[in-house]
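Novice: Quick one: structure below, then a few questions.
Chains as they are written, first to last, in the numbering used here: chain A, 6 to 1067; chain B, 59 to 189.
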């Protein structure tokens, strides 16, 4: 191997290059690859790149040949770009002739088919080079490159002016035909890729007027019945048509060229349609053409989706071919799709065929939807319905029904959107009624097909869930169109299945029932999400199947293998709280609750019990006032749940919330207080057991020491969570006056002022015991989080309540906890203080804040030097205080002595959340939106005055200078994705301190980025650049345009480029 | 510079921004040329658009929302909606968990969040890649 450093681009020899190329394609050593590329790339880019490419293309090795073709691409891009005005037409001729010679060399008439195929990847690259040259310099070409190529192939280059490609095509052999269509594909693909909008009008004109007629003529020759073309050529032709369809759409978008469906595109359409006209009667005959057919499916689909206009003339022919009783489609459906074995083998082809049908249907969907009574449309609908009902389990055995789902959705949307226009088109009442009858027939058939398809089956893949969801969306649309009739049908179906189950049970009946309940659940869920009122109309329908012993029947017959039925029932129950609130549903509440609790309390059905608890929670929250009579039973169950360590924590917590929610709805503070007291007493007992005799919690063998410890820790955290759930469930709604009468408000205040059960101290006692005094939870971040949440519950309460604590009480807790916890817990404590500032800011004094900062921040400063989460938590707190109540912090000595330096230092970090938080802090410092006049003056003094206490920290510079310097250095050093965080900071500096900022920035940039010859400067910007940049930034006066200028500066200092397309 | 065949809007997503940062590092370390980075990003635009298409069935999360439509406009084939007081329901069937929160293959995970302001920018997916 030759040392590349010894070779200059003009001093290469072909053997060295070949040796390097062979090595390049055989090694896996990335470092060697990089070295070789460093050696070869300058050669490829050099002025002798063309000669090198030509030499390599003559080398016997295919790797060298391909590398030669690549070299020509690099040479053209480097030396023959469209922007290079110094290129003469002779040079273009020379290069294009050279490439044509290379192509001929690789595909000469005496080349065997095998050789041609093996050279095809090189030939394609050469075609691409020729296309590139033509796209760059089409004005210099006297004849188009395709004609030029075949003119040379035919060895009549001397008489090029009289050469007629269309006539010559008649004599082409198979290789030449292949070359013709490949080149025709590549040239338009390259134009489409290269420049979809800005291509020259002239280039598109030349393509349309010179190249396209030759293609059209060639297609006409092949479309002649007497010409037989091989499958290989057919595939190339179809590929070529695909490329042209995309190109035509591009050309029409970006130029004045128009390809008319009557003349220009007739042959393209004929070629495609001919693929479906061949005479075949058997599956074997279809199979032999399957590759071509598949290509025709995808190409025609592409055209129908992107450029359907050219099919206009042939729509009816195509419809007959695809949907007619004697057409290709019928044969394909009967022989391939309906044949189980072949359907499996040709699943991809079937998918493409169905896509073609759907593309056709979508194109004509308005016409089809309005002409259902037309016999031809009727025929089409029959085919589509038949295919939708394709046999097999969806997603596992068949995908056809899934493919058609999108079509049916669209079909329904047409009726929903066009209801009025259809009525005005079908003026005669009788015709209209007939039409609606037909439409409903179709929709009923489709809904019953998908109802059947949505049946759950054993071992259904996860995709089936997605499928069911799509089906449910179809039913939601059906409801929009047919209203309660579809809902009523589903309810009726559910009732019938229940009766059948009771008369003669089979498991399949349960799955029938499940399908209906699933769809009812989804439709109801959607309706309640958007409109709570409209669902009232559903009450009698829901009552219909409840009255047929819905719950009892499922409870009785559901087994492990039909667990899905119970899950669906649970989900349905959680979506119909409006039913339980009504007189219809009230009578089913006892059975429903019994059922739900039997599930929740069943240790063998953990999976179901979680859903059950969620359902109970939802019903309790939505129908609180109807559930009061259940409180005594619920209380017994709940107290047992609190005692039982084996109960799932989430269930226990949900039940606590449910119980307290119902009690709160009484709006009676005494009853609420009693209920809370009962729960707290039990929680206290359990806390004592946890802390003193935890093994007493277990009735069975709890396992090894570590396992026991984990279980006890989880249980202890859950006790804290239960406490928090009590707090959540007792929170008053925002519009207190709407919720409670003045008398109730004063009663509540009075009750909690007195607090004769000592509930507040019980809450604090339990929290303190578990969070502060129980060693297992000292280092539990979760316990800290729950404890903070418990104390947060009352912060925003407008009147006194069980969780309304005095701020010093909360601060005391936080202080003890801060000295008795793991590091991540500190973040939660800071967030807690932030919440206190937000909710109780006016009650705080600067002295309170000073003390908090001293105890939680200054005294623990060492922690804030390494833990980025803690740093962010602290900055968030300072930022929030500055934003909401700046007077609480601004004039504290600690602000200048500690906080400013701390926040300046944070610029050195690259963590997204930290940079965001820090910049937010500095933006609040600069803007001080809620600051008073003297506070603004104070900040201005800090920012601009050299005589302040911050000076000592930063060597006789004002804070503004130091801030700008830190921000600029951090900005340059941060990744591109962080730039947008910095923009507001710089823009605020520009707008608030324009003159100062200009000077600071200039001085900083000179020091850091301008090459003054001193060692200190890192690089590279000129004085002129800096002055221009500063002028541009200042001109924006801090408006949005500054963002782009700052970004450009970042790109220039980092030697990077803007990736955005211009 | 050629016009984009695919929208570049996904470059602002977390995965797009991270890719861009990684490419910047590779360019700064002189491992790749900026042109290659641009090609990679163009590929990213194409692949992410194609993979997010409904028919590819890869993106399974669904989002339903209701709120008050505050402003909307349609400009250059792009719809923009600003919705206020929005309740958003997210379903993620790919998570394969039940709606109650436990693991099973029978249902989807639903979660709801409320936001003050919700901005939707909707581009015509048919144009992307077809132009």
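For every residue, glycine included, the Cβ atom is placed at its ideal position computed from N, Cα and C. Predicted model only: the values in this text are computed from it and were never measured.
1) Counting only runs that start and end within the segment 710-755 of chain A, where is the beta strand (DSSP E) found for 3 or more residues in a row?
2) Quick one: what does DSSP say residue 131 of chain A is sitting in, helix, strand or coil?
3) Using a Cβ-Cβ cut-off of 7 angstroms, state whether residue 157 of chain B counts as contacting chain A.
4) Check whether the segment 435-443 of chain A and the segment 414-423 of chain A touch, using three or more Cβ-Cβ pairs below 8 angstroms as the test.
5) Could you tell me the alpha carbon to alpha carbon distance between residue 782 of chain A and residue 538 of chain A, rounded to whole angstroms?
6) Suppose you measure from the CA of residue 877 of chain A to the CA of residue 826 of chain A; what does that come to, to the nearest Å?
7) Rounding to the nearest angstrom, what Cα-Cα distance links residue 154 of chain B and residue 967 of chain A in this structure?
8) State buried or exposed for residue 158 of chain A, treating a residue as buried only when at least 16 other CB atoms are found within 10 Å of its CB.
9) For residue 591 of chain A, which residues in the same chain have their Cβ closer than 8 angstroms to its Cβ, ignoring the five residues on either side in sequence?
10) Within the present structure, is the beta-carbon of residue 893 of chain A separated from the nearest heavy atom of the ligand SAH by less than 6 angstroms?
11) Are the C-beta atoms of residue 1021 of chain A and some chain B residue less than 7 angstroms apart?
12) Would you kindly report the start and end of the unbroken alpha helix (DSSP H) that includes residue 484 of chain A?
13) Output, in chain order, the set of chain A residues within a Cβ distance shorter than 7 angstroms of residue 85 of chain B.
14) Which residues share a DSSP beta bridge with residue 522 of chain A?
15) I'd like to know if residue 78 of chain B contacts chain A, where contact means its C-beta is closer than 7 angstroms to some C-beta of that chain.
16) By Cβ distance, which residues of its chain are closer than 6 angstroms to residue 117 of chain B, with the 5 residues on each side in sequence left out?
17) Look at the alpha carbon of residue 558 of chain A and the alpha carbon of residue 463 of chain A, and state the distance between them as a whole number of angstroms.
18) Which residues does DSSP pair with residue 776 of chain A in a beta bridge?
19) In terms of residue numbering, what span does the alpha helix (DSSP H) encompassing residue 146 of chain B cover?
20) Do you know offhand how far residue 240 of chain A's Cα is from residue 143 of chain A's?
21) Over what stretch of residues does the alpha helix (DSSP H) that includes residue 638 of chain A continue unbroken?
22) Establish whether the CB of residue 462 of chain A and some CB of chain B are separated by less than 7 angstroms.
23) Below 7 angstroms on C-beta distance, what does residue 1064 of chain A contact in chain B?
24) What is the rounded straight-line gap between the Cα of residue 450 of chain A and the Cα of residue 307 of chain A?
25) Does any CB atom of chain B fall closer than 7 angstroms to the CB of residue 263 of chain A?
26) Taking the Cβ atom as the reference point for each residue, do residue 570 of chain A and residue 651 of chain A lie within a distance shorter than 7 angstroms?
27) Can you find a C-beta in chain B that's less than 7 angstroms from the C-beta of residue 492 of chain A?
28) Locate the alpha helix (DSSP H) running through residue 304 of chain A, then write down its first and last residues.
29) Residues of chain B with CB under 7 angstroms from residue 535 of chain A, in chain order?
30) Can you tell me which residues form a DSSP beta bridge with residue 116 of chain B?
31) For residue 80 of chain A versus residue 54 of chain A, is the C-beta spacing smaller than 7 angstroms?
32) When you compare each of A:766, A:400 and A:803 to residue 735 of chain A by their alpha carbons, which one comes out closest?
33) Compare the Cα-Cα distances from residue 236 of chain A to each of A:182, A:481 and A:436 and report the closest residue.
34) How many Å lie between residue 739 of chain A and residue 983 of chain A at the Cα?
35) Just to confirm, is the Cβ distance from residue 575 of chain A to residue 617 of chain A under 7 angstroms?
36) Should the segment 605-622 of chain A be called in touch with the segment 669-679 of chain A, which here means at least 3 C-beta pairs below 8 angstroms?
Specialist: Checking against the coordinates, here is how it stands:
1) none
2) Along the first chain, one-based indexing puts residue 131 of chain A at 126. If DSSP states are grouped into helix, strand and coil, residue 131 of chain A belongs with the helices.
3) In the second chain, counting from the first residue as 1, residue 157 of chain B sits at position 99. Per-residue confidence for residue 157 of chain B stands at a pLDDT of 42, beneath the threshold of 50, marking its modelled position as unreliable; no derived number is given.
4) no
5) Position 777 of the first chain, counted from the start, is the residue given in the question as residue 782 of chain A. Position 533 of the first chain, counted from the start, is the residue given in the question as residue 538 of chain A. Cα to Cα, residue 782 of chain A sits roughly 47 angstroms from residue 538 of chain A.
6) Within the first chain, residue 877 of chain A is the residue found at index 872, counting from 1. Within the first chain, residue 826 of chain A is the residue found at index 821, counting from 1. Taking the straight line joining both Cα atoms gives about 18 angstroms.
7) Residue numbering aside, residue 154 of chain B sits at position 96 when the second chain is read from its first letter. Residue numbering aside, residue 967 of chain A sits at position 962 when the first chain is read from its first letter. Unreliable placement is indicated for residue 154 of chain B, whose pLDDT of 46 sits below 50; the coordinate value is still reported in the next sentence. So the two alpha carbons sit approximately 53 angstroms from each other.
8) Here the question's residue 158 of chain A lines up with position 153 in the first chain. Classification of residue 158 of chain A: buried, given that the 10 Å Cβ count is 16 or more.
9) Residue 591 of chain A sits at position 586 when you count from the first residue of the first chain. Once the five neighbours on either side are set aside, the close Cβ partners of residue 591 of chain A are 585 and 631.
10) This structure does not include the ligand SAH; it has no bound ligands of any sort.
11) In the first chain, the residue the question calls residue 1021 of chain A occupies position 1016. Note on residue 1021 of chain A: pLDDT 48, under 50, position unreliable in the model; the coordinate value appears next. No, residue 1021 of chain A lies away from the interface with chain B (no Cβ there is under 7 angstroms from its Cβ).
12) Walking along the first chain from the start, residue 484 of chain A turns up at place 479. 467-487 is the span of the alpha helix (DSSP H), which, as asked, contains residue 484 of chain A.
13) For this step, residue 85 of chain B is matched to residue 27 along the second chain. What residue 85 of chain B touches in chain A: 1061.
14) Position 517 of the first chain, counting from 1, holds the residue named residue 522 of chain A. BP columns for residue 522 of chain A are empty, so no partner.
15) Along the second chain, one-based indexing puts residue 78 of chain B at 20. It does: the Cβ of residue 78 of chain B has a partner Cβ on chain A nearer than 7 angstroms.
16) Within the second chain, the letter at position 59 stands for residue 117 of chain B. If we look at residue 117 of chain B and ignore the five residues flanking it on each side, its Cβ neighbours are 110.
17) Position 553 of the first chain holds residue 558 of chain A. Position 458 of the first chain holds residue 463 of chain A. Roughly 21 angstroms between the two C-alpha positions.
18) The residue labelled residue 776 of chain A in the question sits at position 771 within the first chain. Paired residues: none, contrary to the question.
19) For this step, residue 146 of chain B is matched to residue 88 along the second chain. Careful: residue 146 of chain B lies outside any alpha helix (DSSP H), inside the beta strand (DSSP E) at 136-150.
20) For the purposes of this step, residue 240 of chain A is taken as the residue at position 235 of the first chain. For the purposes of this step, residue 143 of chain A is taken as the residue at position 138 of the first chain. Near 29 angstroms, if we compare the C-alpha coordinates of residue 143 of chain A and residue 240 of chain A.
21) Looking up residue 638 of chain A in the first chain gives position 633. Residues 636-648.
22) Along the first chain, one-based indexing puts residue 462 of chain A at 457. No, because no Cβ of chain B sits closer than 7 angstroms to the Cβ of residue 462 of chain A.
23) Mapped onto the first chain, residue 1064 of chain A falls at position 1059. 78, 95, 96 and 99, listed in chain order.
24) Along the first chain, one-based indexing puts residue 450 of chain A at 445. Along the first chain, one-based indexing puts residue 307 of chain A at 302. Going by the C-alpha atoms only, they are around 30 angstroms apart.
25) The residue given as residue 263 of chain A occupies position 258 in the first chain. Taking Cβ atoms only, chain B never reaches closer than 7 angstroms to residue 263 of chain A, which makes this a no.
26) Along the first chain, one-based indexing puts residue 570 of chain A at 565. Along the first chain, one-based indexing puts residue 651 of chain A at 646. Their beta carbons are not under 7 angstroms apart, which means residue 570 of chain A does not touch residue 651 of chain A by this criterion.
27) Walking along the first chain from the start, residue 492 of chain A turns up at place 487. No, because no Cβ of chain B sits closer than 7 angstroms to the Cβ of residue 492 of chain A.
28) On the first chain, residue 304 of chain A is found 299 positions in, with the first residue counted as 1. Its alpha helix (DSSP H) spans residues 295-311.
29) For the purposes of this step, residue 535 of chain A is taken as residue 530 along the first chain, with counting starting at 1. What residue 535 of chain A touches in chain B: 124.
30) Taking the second chain and counting its residues from 1, one reaches residue 116 of chain B at position 58. Beta-bridge pairing links residue 116 of chain B to no other residue.
31) In the first chain, counting from the first residue as 1, residue 80 of chain A sits at position 75. In the first chain, counting from the first residue as 1, residue 54 of chain A sits at position 49. Against a cut-off of 7 angstroms, the Cβ pair of residue 54 of chain A and residue 80 of chain A comes out as a contact.
32) Against the first chain, residue 735 of chain A aligns to sequence position 730. If we check each option's Cα against that of residue 735 of chain A, A:803 comes out closest.
33) What you label residue 236 of chain A is simply residue 231 of the first chain in a count that begins at 1. Checked all of A:182, A:481 and A:436; the closest Cα to residue 236 of chain A is A:182.
34) Position 734 of the first chain, counted from the start, is the residue given in the question as residue 739 of chain A. Position 978 of the first chain, counted from the start, is the residue given in the question as residue 983 of chain A. Taking the straight line from one Cα to the other gives about 38 angstroms.
35) As a position in the first chain, residue 575 of chain A is number 570, starting the count at 1. As a position in the first chain, residue 617 of chain A is number 612, starting the count at 1. Their beta carbons are under 7 angstroms apart, which means residue 575 of chain A touches residue 617 of chain A by this criterion.
36) no
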